[in-house]
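What follows is a short report on a single structure.
2 protein chains.
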Amino acid sequence: MQTLTSNWEVSALVRQWQRDGERIGFVPTMGNLHEGHLRLVKAARQNTDRVVVSIYVNPMQFGPREDFTNYPRTLESDLQKLTNLKVDLVFHPSDESMYPEGSAKSSYVEVSTQLTEGLEGAHRQHHFRGVATVVTKLFNIVSPDVAVFGEKDYQQLLVIQQLVKDLNYPIEIIGEPTIREGDGLALSSRNQYLSKQQRAIAPKLYDVLSETRERILMQNMDLTDLEQAAIMQLEQHGFAPDYVAIRNAVTLAEADNPTDLLVILAAARLGQTRLIDNLRV
Amino acid sequence: MQTLTSNWEVSALVRQWQRDGERIGFVPTMGNLHEGHLRLVKAARQNTDRVVVSIYVNPMQFGPREDFTNYPRTLESDLQKLTNLKVDLVFHPSDESMYPEGSAKSSYVEVSTQLTEGLEGAHRQHHFRGVATVVTKLFNIVSPDVAVFGEKDYQQLLVIQQLVKDLNYPIEIIGEPTIREGDGLALSSRNQYLSKQQRAIAPKLYDVLSETRERILMQNMDLTDLEQAAIMQLEQHGFAPDYVAIRNAVTLAEADNPTDLLVILAAARLGQTRLIDNLRV
Numbered sequence: 067m068q069t070l071t072s073n074w075e076v077s078a079l080v081r082q083w084q085r086d087g088e089r090i091g092f093v094p095t096m097g098n099l100h101e102g103h104l105r106l107v108k109a110a111r112q113n114t115d116r117v118v119v120s121i122y123v124n125p126m127q128f129g130p131r132e133d134f135t136n137y138p139r140t141l142e143s144d145l146q147k148l149t150n151l152k153v154d155l156v157f158h159p160s161d162e163s164m165y166p167e168g169s170a171k172s173s174y175v176e177v178s179t180q181l182t183e184g185l186e187g188a189h190r191q192h193h194f195r196g197v198a199t200v201v202t203k204l205f206n207i208v209s210p211d212v213a214v215f216g217e218k219d220y221q222q223l224l225v226i227q228q229l230v231k232d233l234n235y236p237i238e239i240i241g242e243p244t245i246r247e248g249d250g251l252a253l254s255s256r257n258q259y260l261s262k263q264q265r266a267i268a269p270k271l272y273d274v275l276s277e278t279r280e281r282i283l284m285q286n287m288d289l290t291d292l293e294q295a296a297i298m299q300l301e302q303h304g305f306a307p308d309y310v311a312i313r314n315a316v317t318l319a320e321a322d323n324p325t326d327l328l329v330i331l332a333a334a335r336l337g338q339t340r341l342i343d344n345l346r347v
Numbered sequence: 067m068q069t070l071t072s073n074w075e076v077s078a079l080v081r082q083w084q085r086d087g088e089r090i091g092f093v094p095t096m097g098n099l100h101e102g103h104l105r106l107v108k109a110a111r112q113n114t115d116r117v118v119v120s121i122y123v124n125p126m127q128f129g130p131r132e133d134f135t136n137y138p139r140t141l142e143s144d145l146q147k148l149t150n151l152k153v154d155l156v157f158h159p160s161d162e163s164m165y166p167e168g169s170a171k172s173s174y175v176e177v178s179t180q181l182t183e184g185l186e187g188a189h190r191q192h193h194f195r196g197v198a199t200v201v202t203k204l205f206n207i208v209s210p211d212v213a214v215f216g217e218k219d220y221q222q223l224l225v226i227q228q229l230v231k232d233l234n235y236p237i238e239i240i241g242e243p244t245i246r247e248g249d250g251l252a253l254s255s256r257n258q259y260l261s262k263q264q265r266a267i268a269p270k271l272y273d274v275l276s277e278t279r280e281r282i283l284m285q286n287m288d289l290t291d292l293e294q295a296a297i298m299q300l301e302q303h304g305f306a307p308d309y310v311a312i313r314n315a316v317t318l319a320e321a322d323n324p325t326d327l328l329v330i331l332a333a334a335r336l337g338q339t340r341l342i343d344n345l346r347v
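Just so you know, the protein sequences line up as chains F and W, in that order. Numbering-wise (my numbering), the first sequence opens with residue 67 and increments by one. Numbering-wise (my numbering), the second sequence opens with residue 67 and increments by one.
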């Protein structure tokens with residue numbers, strides 16, 4: 067496994083592989099890898115000849131009061147895990163090489179507002195701008211044939227699919243299902259921020275989503291009432307919910323047709339830690 | 067010479083060339099090709115193995131009161147000229163394939179404000195957003211090694227260079243000098259909008275730029291005074307000037323240092339026709 071920090075070396079190496087007729091799989095990460103990430107890497111491996119993983123905590127997608135500084139950075143153990151999975155190349159750039167003039171002065175990519183203005187976009191200003199911009203930059207450096215993202219960040223996955231479509235990237239996007247702990251908690255680097263007590267409460271987020279799904283399937287309540295009920299349940303468990311939303315699973319628009327494919331999305335805080343999760347119906 | 071309208075066919079063909087070890091040169095145009103464009107094509111030919119030219123009048127870079135509808139479309143004669151220059155591939159997409167949901171709903175690319183907010187950006191709202199977005203889309207479809215732009219659109223050339231740097235495209239940008247008529251008028255598709263009388267006045271734009279350059283080199287006047295003098299001269303010739311600006315030739319910032327490399331940029335209207343030109347000092 068090679069580890070490179072230079073954009074140009076990555077571009078040159080990947081393009082050499084492509085000249086040799088090999089297909090490139092790409093998994094962009096912020097490091098601190100868990101089983102969820104490793105599943106993405108395995109999916110890339112199954113679909114391509116070479117797997118590239120990027121490890122980069124992207125400042126542009128964090129708000130000024132968010133956890134950019136404290137975000138867990140565990141490069142050595144990440145590299146060991148990726149070596150074990152026979153990843154071909156890890157790209158680990160510096161902030162200076164990614165944003166030489168600072169991320170605030172960089173050109174940026176904005177994905178159409180219908181997908182980005184609500185939910186995470188409403189609670190994390192310019193978050194999706196930061197995500198779309200860094201993914202664009204990484205796509206340009208790596209030029210993958212396939213890129214793999216986790217369904218845990220469901221809205222992000224849809225935003226990336228829209229980005230690829232709108233900006234004409236000849237890249238296939240694969241979404242991989244969320245990996246959960248035995249008690250239902252979705253794997254996330256941010257889980258390690260939780261105190262023992264908060265960790266005991268955290269799986270209730272998935273429980274509430276699951277119960278909401280059951281109620282939707284029983285068709286015995288209005289969707290807005292179900293959202294309100296879920297928010298109250300979360301509050302009773304000790305969460306401070308940002309939102310629970312039952313949306314069209316393709317467009318994230320308000321669900322107005324009983325035959326829509328639906329997804330339930332939620333974000334809720336436990337102390338300083340913000341957890342998100344989702345469940346398709 | 068092949069002519070393709072499908073994004074996917076272009077991507078597939080170019081990537082096959084790249085797998086064969088060939089370097090790709092790209093010239094994006096809005097068609098209605100004149101000697102200025104042909105010079106760009108020749109530059110691409112000199113630097114690469116395969117030349118791709120796109121012909122696409124991009125609605126996203128035109129304002130609501132601009133000349134999108136009337137912009138001259140001359141596909142047959144354009145194709146003949148490109149055949150004569152032994153271009154390998156012409157990409158001529160439809161609006162439906164470039165913006166399936168309309169350009170207003172598309173994801174877009176915004177280049178940092180220092181370069182884009184003044185001059186053309188101040189007079190043509192969202193113009194550079196449209197340019198940056200379509201160039202990004204075309205770069206993603208064609209994935210060139212080299213792309214060639216004209217210096218006549220000087221601010222646009224700098225915006226593209228910044229875009230490539232900020233979004234990490236491994237693409238070399240070449241700027242080619244402006245081609246002029248014998249009387250100094252810069253070649254432009256919009257020149258054909260001019261009446262005979264306006265056409266007689268039009269070369270004065272270049273004359274005023276040239277005279278301003280002489281005065282700068284003589285160092286006998288304040289730059290702001292020179293800008294004002296040039297605007298008055300243009301008005302006396304019958305133009306309605308949008309701006310004459312003497313700027314740092316690299317950053318387009320106000321020139322504050324006598325050792326700066328300078329460029330004089332101007333935009334002025336003759337009736338409904340808006341002409342732009344520039345001259346480096």
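For each residue, glycine too, the CB sits at the ideal point set by N, CA and C.
Could you please give the first and the last residue of the uninterrupted beta strand (DSSP E) stretch that includes F/Asn98? Element bounds for F/Asn98: n/a, residue is neither H nor E.
For the 8 Å Cβ check, are there 3 or more pairs between the stretch 271–278 of chain W and the stretch 247–259 of chain W? yes
May I have the straight-line CA-CA distance separating W/Gln82 from W/Pro94, to the nearest angstrom? 20 Å
Which residues DSSP lists as bridging W/Tyr309, in chain order: According to the DSSP secondary-structure assignment, W/Tyr309 is paired through a beta bridge with W/Ala333.
With 16 as the cutoff for other CB atoms within 10 Å, does F/Asn136 come out buried or exposed? exposed
Should F/Asn344 go down as buried or exposed, given a rule of 16 or more other Cβ atoms within 10 Å for buried? buried
Quick one: grab the DSSP three-state call for F/Val107. helix
Starting from the Cα of W/Val117, find the closest Cα among W/Tyr259, W/Tyr309, W/Asp211 and give me that residue. W/Asp211
Quick check on DSSP: helix, strand or coil for F/Pro194? Reading off the sequence shown, one finds Phe at residue 194 of chain F, where the question assumed Pro. In this structure, DSSP gives F/Phe194 a helical state, which the three-state scheme calls helix.
With a CB to CB cut of under 6 Å and the five nearest residues on each side skipped, what residues in its chain are close to W/Asn98? Pro138, Thr140, Ser255
Check each residue of the stretch 68–89 of chain F: if its Cβ is closer than 9 Å to any Cβ of chain W, include it; give the result in chain order. For the stretch 68–89 of chain F, the set of residues with a beta-carbon nearer than 9 Å to any beta-carbon of chain W comprises Asn73, Trp74, Ser77, Ala78, Arg81, Gln84, Arg85, Asp86, Gly87, in chain order.
Counting only Cβ-Cβ distances shorter than 7 Å, please list the residues of the stretch 160–182 of chain W near chain F, keeping chain order. Residues Lys171, Ser172, Ser173, Tyr174, Val175, Glu176, Val177, Ser178.
For the alpha helix (DSSP H) that W/Gly187 lies in, which residues bound it at each end? Residues 186–189.
Backbone CA spacing between F/Met164 and W/Met126 [nearest angstrom]: A direct Cα-Cα distance of roughly 28 Å separates F/Met164 from W/Met126.
Taking CB distances under 9 Å as the criterion, tell me whether W/Gln222 reaches chain F. Not one chain F Cβ lies under 9 Å of W/Gln222.
Using C-beta distances below 8 Å, list every residue in its chain close to W/Val200, excluding the 5 sequence neighbours before and after it, in chain order. Result list for W/Val200: Pro94, Tyr122, Asn124, Met126, Gln127, Met164, in chain order.
List the residues that DSSP assigns as beta-bridge partners of F/Val175. DSSP lists W/Val175 as partners of F/Val175.
F/Gln180 versus F/Thr317 - alpha carbon distance: 8 Å
CB contact flag (F/Asn257, F/Thr339, <9 Å): yes
Contact between the stretch 262–271 of chain W and the stretch 225–240 of chain W: three or more CB pairs below 8 Å? no
Output, in chain order, the set of chain F residues within a Cβ distance shorter than 9 Å of W/Ser209. Ser209, Pro236
Give me the subset of the stretch 225–254 of chain F whose CB atoms are less than 7 Å from a CB atom of chain W, sorted by chain position. Gln228, Leu229, Asp232, Leu233, Asn234, Tyr235, Pro236
Quick one: grab the DSSP three-state call for F/Arg265. helix
Residue(s) in a DSSP beta bridge with F/Arg85: F/Arg85 pairs with nothing; no bridge assigned.
Would you be able to state if there are at least three C-beta pairs under 8 Å between the stretch 207–222 of chain W and the stretch 76–92 of chain W? Judged by Cβ distances under 8 Å, the stretch 76–92 of chain W makes contact with the stretch 207–222 of chain W, as three or more pairs qualify.
Quick one: what's F/Asn314 bridged to in DSSP? F/Leu328
Apply the 10 Å Cβ neighbour rule to F/Glu218 and answer buried if 16 or more other Cβ atoms are within range, or exposed otherwise. The sequence given here places Lys at residue 218 of chain F; Glu does not occur at that position. Under this definition F/Lys218 is a buried residue.
Of the listed residues W/Lys171, W/Val175, W/Ala170, nearest to F/Ser172 (C-alpha basis): W/Val175
Less than 6 Å between C-beta atoms, sequence neighbours within five positions excluded: which residues of the same chain meet that for W/Val310? Glu293, Ala296, Ile297, Ala332
Taking 9 Å as the CB-CB cut-off, is F/Leu204 touching chain W? Against chain W, the CB of F/Leu204 has a partner CB under 9 Å away; the residue lies at that interface.
How about F/Glu183: is its Cβ closer than 8 Å to a heavy atom in the ligand PLP? With respect to small molecules bound, the structure shown includes none, and the ligand PLP cannot be examined in it.
Using 10 angstroms around the beta-carbon of F/Thr114, count the other beta-carbons present and answer buried if the total reaches 16, otherwise exposed. buried
Of all the options F/Val107, F/Asn314, F/Gln68, F/Glu162, which has the alpha carbon lying nearest to the alpha carbon of F/Leu289? F/Asn314
Three-state secondary structure (DSSP) at W/Asp343? strand
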